Amino acid sequence: MEAWFRSLWQKIKHHRYTTGVVVLLMFILFIFLAYRFGWDWTGFNSGTSQITITSTSKGNYTATASQSSKSLWDWLQLLAVLAIPIVVALGAAWYASRQEKVRGRENVDNQRETLLLSYIDKMSELMLVRHLQHSRPEQEASKIARVKNTNSATKVRW
113 MEAWFRSLWQ KIKHHRYTTG VVVLLMFILF IFLAYRFGWD WTGFNSGTSQ
163 ITITSTSKGN YTATASQSSK SLWDWLQLLA VLAIPIVVAL GAAWYASRQE
213 KVRGRENVDN QRETLLLSYI DKMSELMLVR HLQHSRPEQE ASKIARVKNT
263 NSATKVRW
(Lines of atoms letter the chains of each structure in order from A and count residues from 1; the text may use other names and numbers.)
(Lines give C-alpha, C1' and ligand atoms only; values in the text may rest on other atoms or scores of the structure.)
Protein backbone atom coordinates (compact mmCIF):
# COMPACT_ATOMS: atom_id res chain seq x y z
CA MET A 1 0.00 0.00 0.00
CA GLU A 2 2.86 2.36 0.85
CA ALA A 3 4.44 1.73 -2.56
CA TRP A 4 1.14 2.60 -4.22
CA PHE A 5 0.97 5.92 -2.35
CA ARG A 6 4.59 6.66 -3.24
CA SER A 7 3.87 5.91 -6.90
CA LEU A 8 0.77 8.13 -6.82
CA TRP A 9 2.74 10.95 -5.19
CA GLN A 10 5.41 10.70 -7.92
CA LYS A 11 2.72 10.95 -10.60
CA ILE A 12 1.18 13.98 -8.88
CA LYS A 13 4.56 15.68 -8.62
CA HIS A 14 5.26 14.97 -12.27
CA HIS A 15 1.86 16.26 -13.49
CA ARG A 16 1.15 19.21 -11.19
CA TYR A 17 -1.06 21.22 -13.53
CA THR A 18 -3.09 18.22 -14.59
CA THR A 19 -3.64 17.29 -10.95
CA GLY A 20 -4.78 20.85 -10.18
CA VAL A 21 -7.27 20.80 -13.05
CA VAL A 22 -8.63 17.40 -11.95
CA VAL A 23 -9.09 18.62 -8.36
CA LEU A 24 -10.88 21.76 -9.61
CA LEU A 25 -13.17 19.68 -11.83
CA MET A 26 -13.97 17.36 -8.92
CA PHE A 27 -14.88 20.37 -6.77
CA ILE A 28 -17.19 21.69 -9.51
CA LEU A 29 -18.75 18.22 -9.86
CA PHE A 30 -19.32 18.12 -6.08
CA ILE A 31 -21.12 21.48 -6.20
CA PHE A 32 -23.28 20.30 -9.10
CA LEU A 33 -24.18 17.08 -7.29
CA ALA A 34 -25.02 19.02 -4.13
CA TYR A 35 -27.51 21.14 -6.06
CA ARG A 36 -28.86 18.24 -8.11
CA PHE A 37 -29.53 15.84 -5.24
CA GLY A 38 -30.37 18.49 -2.66
CA TRP A 39 -27.68 17.72 -0.13
CA ASP A 40 -28.69 20.23 2.55
CA TRP A 41 -25.64 19.49 4.71
CA THR A 42 -23.41 21.16 2.09
CA GLY A 43 -25.01 24.58 2.41
CA PHE A 44 -25.28 25.00 -1.35
CA ASN A 45 -29.08 24.75 -1.34
CA SER A 46 -31.68 27.22 -0.19
CA GLY A 47 -31.05 26.58 3.47
CA THR A 48 -33.01 24.79 6.12
CA SER A 49 -36.05 25.78 8.07
CA GLN A 50 -37.56 24.41 11.23
CA ILE A 51 -41.22 24.79 12.08
CA THR A 52 -42.22 24.66 15.72
CA ILE A 53 -45.85 24.47 16.77
CA THR A 54 -46.58 25.40 20.36
CA SER A 55 -49.94 24.78 21.99
CA THR A 56 -51.04 27.09 24.78
CA SER A 57 -54.33 27.76 26.49
CA LYS A 58 -54.88 30.71 24.18
CA GLY A 59 -54.29 28.72 21.00
CA ASN A 60 -51.59 27.25 18.80
CA TYR A 61 -48.56 29.30 17.85
CA THR A 62 -46.39 28.49 14.90
CA ALA A 63 -42.77 29.61 14.85
CA THR A 64 -40.49 29.21 11.88
CA ALA A 65 -36.73 29.36 12.31
CA SER A 66 -34.78 29.31 9.11
CA GLN A 67 -31.08 29.07 8.47
CA SER A 68 -29.94 30.75 5.32
CA SER A 69 -27.75 28.97 2.82
CA LYS A 70 -24.06 29.68 2.54
CA SER A 71 -23.23 32.68 0.44
CA LEU A 72 -20.32 33.01 -1.93
CA TRP A 73 -18.56 35.13 0.68
CA ASP A 74 -18.88 32.31 3.25
CA TRP A 75 -17.27 29.84 0.84
CA LEU A 76 -14.50 32.29 -0.02
CA GLN A 77 -13.74 32.74 3.66
CA LEU A 78 -13.52 28.97 4.07
CA LEU A 79 -11.20 28.68 1.08
CA ALA A 80 -9.01 31.49 2.44
CA VAL A 81 -8.67 29.76 5.80
CA LEU A 82 -7.75 26.50 4.09
CA ALA A 83 -5.37 28.19 1.64
CA ILE A 84 -3.16 29.86 4.26
CA PRO A 85 -1.41 26.67 5.50
CA ILE A 86 -1.07 25.43 1.92
CA VAL A 87 0.59 28.65 0.78
CA VAL A 88 2.91 28.65 3.80
CA ALA A 89 3.92 25.02 3.13
CA LEU A 90 4.56 25.70 -0.56
CA GLY A 91 6.57 28.81 0.29
CA ALA A 92 8.70 26.89 2.78
CA ALA A 93 9.34 24.10 0.27
CA TRP A 94 10.28 26.62 -2.43
CA TYR A 95 12.63 28.46 -0.07
CA ALA A 96 14.31 25.21 1.01
CA SER A 97 14.89 24.16 -2.60
CA ARG A 98 16.39 27.55 -3.45
CA GLN A 99 18.70 27.32 -0.43
CA GLU A 100 19.82 23.86 -1.54
CA LYS A 101 20.70 25.18 -5.00
CA VAL A 102 22.69 28.05 -3.47
CA ARG A 103 24.57 25.62 -1.21
CA GLY A 104 25.40 23.44 -4.20
CA ARG A 105 26.80 26.41 -6.13
CA GLU A 106 28.84 27.48 -3.10
CA ASN A 107 30.30 23.97 -2.82
CA VAL A 108 31.34 24.01 -6.47
CA ASP A 109 32.90 27.46 -6.04
CA ASN A 110 34.81 26.29 -2.96
CA GLN A 111 36.13 23.25 -4.81
CA ARG A 112 37.28 25.44 -7.70
CA GLU A 113 38.95 27.87 -5.33
CA THR A 114 40.77 25.05 -3.52
CA LEU A 115 41.96 23.60 -6.81
CA LEU A 116 43.16 27.01 -8.03
CA LEU A 117 45.03 27.70 -4.79
CA SER A 118 46.77 24.32 -4.93
CA TYR A 119 47.74 25.05 -8.54
CA ILE A 120 49.19 28.42 -7.55
CA ASP A 121 51.09 26.82 -4.64
CA LYS A 122 52.61 24.15 -6.87
CA MET A 123 53.59 26.68 -9.52
CA SER A 124 55.11 28.95 -6.88
CA GLU A 125 57.09 26.02 -5.52
CA LEU A 126 58.35 25.15 -8.98
CA MET A 127 59.30 28.74 -9.71
CA LEU A 128 60.90 29.63 -6.37
CA VAL A 129 62.32 26.40 -5.00
CA ARG A 130 63.38 24.78 -8.25
CA HIS A 131 64.32 28.11 -9.90
CA LEU A 132 62.49 27.31 -13.11
CA GLN A 133 62.01 30.95 -14.00
CA HIS A 134 65.71 30.98 -15.06
CA SER A 135 65.61 27.80 -17.12
CA ARG A 136 65.54 27.78 -20.88
CA PRO A 137 62.40 26.60 -22.71
CA GLU A 138 64.16 23.55 -24.17
CA GLN A 139 65.22 22.09 -20.79
CA GLU A 140 63.39 19.11 -19.29
CA ALA A 141 62.35 20.99 -16.13
CA SER A 142 60.61 23.68 -18.20
CA LYS A 143 58.76 21.06 -20.20
CA ILE A 144 57.58 19.32 -17.01
CA ALA A 145 56.42 22.64 -15.53
CA ARG A 146 54.54 23.45 -18.74
CA VAL A 147 52.85 20.03 -18.76
CA LYS A 148 51.86 20.41 -15.09
CA ASN A 149 50.60 23.89 -15.89
CA THR A 150 48.31 22.68 -18.72
CA ASN A 151 47.08 19.67 -16.70
CA SER A 152 46.15 21.83 -13.73
CA ALA A 153 44.54 24.45 -15.96
CA THR A 154 42.28 21.85 -17.59
CA LYS A 155 41.03 20.73 -14.16
CA VAL A 156 39.84 24.23 -13.35
CA ARG A 157 36.77 24.88 -15.50
CA TRP A 158 35.23 28.25 -15.03
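Residues in the sequence shown are numbered consecutively from 113, following this note's numbering. Glycine is no exception: its CB is placed at the ideal position from the N, C-alpha and C atoms. All of these numbers come straight from a predicted model, not from anything done at the bench.
Assuming residue 124 contacts residue 131 (C-beta within less than 8 Å), just tell me the rounded distance between them. 5 Å
Do residue 165 and residue 174 come within 9 Å of each other at the CB atom, strictly closer than that value? yes
DSSP puts residue 205 in a beta bridge; with which residues? Bridge partners of residue 205: none, in fact.
Distance check for residue 191 and residue 197, CA to CA, integer angstroms please. 11 Å
Per the DSSP calculation, residue 174 is bridged to which residue(s)? 165
How big is the Cα-Cα spacing for residue 205 and residue 122? 16 Å
Helix or strand or just coil, what does DSSP make of residue 235? helix
Spatial distance of residue 220 from residue 138 (CA atoms): 46 Å
First and last residue of the uninterrupted alpha helix (DSSP H) at residue 138: 128-149
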